[in-house]
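> Numbering (the working numbering), first residue to last: 184 to 326. Glycine included, every Cβ here is placed at the ideal spot set by N, Cα and C.
(1) Is residue 242 near the ligand GTP, with its Cβ less than 8 angstroms from a heavy atom?
(2) Along the chain, which unbroken stretches of the beta strand (DSSP E) at least 3 residues long are found entirely within the stretch 224 to 308?
(3) Report the three-state DSSP secondary structure of residue 185 (helix, strand or coil).
(4) Roughly how far, in whole angstroms, is the beta-carbon of residue 234 from the beta-carbon of residue 200, given that I think they are within contact range, below 8 angstroms?
(5) Please tell me whether residue 198 and residue 259 are closer than 9 angstroms, where the distance is taken between their beta carbons.
(6) Residue 314 and residue 228 look like a contact to me (Cβ under 8 angstroms); what is the Cβ gap, rounded to whole Å?
(7) In three-state DSSP terms, what is residue 199?
(8) On the criterion of 16 or more Cβ atoms from any shown chain inside 10 Å, does residue 244 qualify as buried, or is it exposed?
(9) Got a sec? Which residues, its chain only, sit under 8 angstroms from residue 218 by beta carbon, not counting five neighbours each side?
(10) Report buried or exposed for residue 242, applying the criterion of at least 16 other Cβ atoms within 10 angstroms of its Cβ.
(11) Does the beta-carbon distance from residue 247 to residue 196 come in below 9 angstroms?
(12) Report the three-state DSSP secondary structure of residue 311 (helix, strand or coil).
(13) For a quick check, are the C-beta atoms of residue 318 and residue 194 less than 9 angstroms apart?
Structure (structure tokens):
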């Protein structure tokens, strides 16, 4: 049975993979260089936090379970549907702000659901939530 620590770290892995994968998919749809630069910056931060969660899982002898293929496909189809007629920076930024907001909620839920997680896992989860909260505000600036 998974410990709270492992469960929280798995949530962080999935959350950061969602962010990285979404940015990858949306990056090809924009020609706005400033917007693309911000996407790259955030993708690097998601990657950094993801790697920290992988390292922590390795340290406790657990294997990271990222986003499922079904989840990836669902996100991809949702992006295609929402960008079919509108690939504007405003629409993409709105989608990213919504996703970042959901990521913040997911972090708060993980903190509440896994109270026995290690201080390190809590710190990483809080760091991810703070990053996504800042990201949400950044994306709103492009709307």
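Reading it off the structure:
(1) For the structure depicted, the ligand GTP is absent and the ligand set is empty, with no information on it obtainable.
(2) Counting only runs of 3+ residues, no beta strand (DSSP E) is found wholly inside the stretch 224 to 308.
(3) In the three-state reduction of the DSSP assignment, residue 185 falls in the coil class.
(4) 11 angstroms between Cβ atoms; not a contact.
(5) No.
(6) Correct: roughly 6 angstroms between the Cβ atoms.
(7) Helix.
(8) Its Cβ having fewer than 16 others within 10 Å, residue 244 is exposed.
(9) Here residue 218 has 272, 275, 276, 325 as same chain residues with Cβ atoms under 8 angstroms from its own Cβ, once five neighbours each way along the sequence are excluded.
(10) Exposed, since its Cβ has fewer than 16 Cβ neighbours within 10 Å.
(11) Their beta carbons are under 9 angstroms apart, which means residue 247 touches residue 196 by this criterion.
(12) Residue 311 falls in the helix class under three-state DSSP.
(13) No, the pair does not count as a contact, with Cβ atoms beyond the cut-off.
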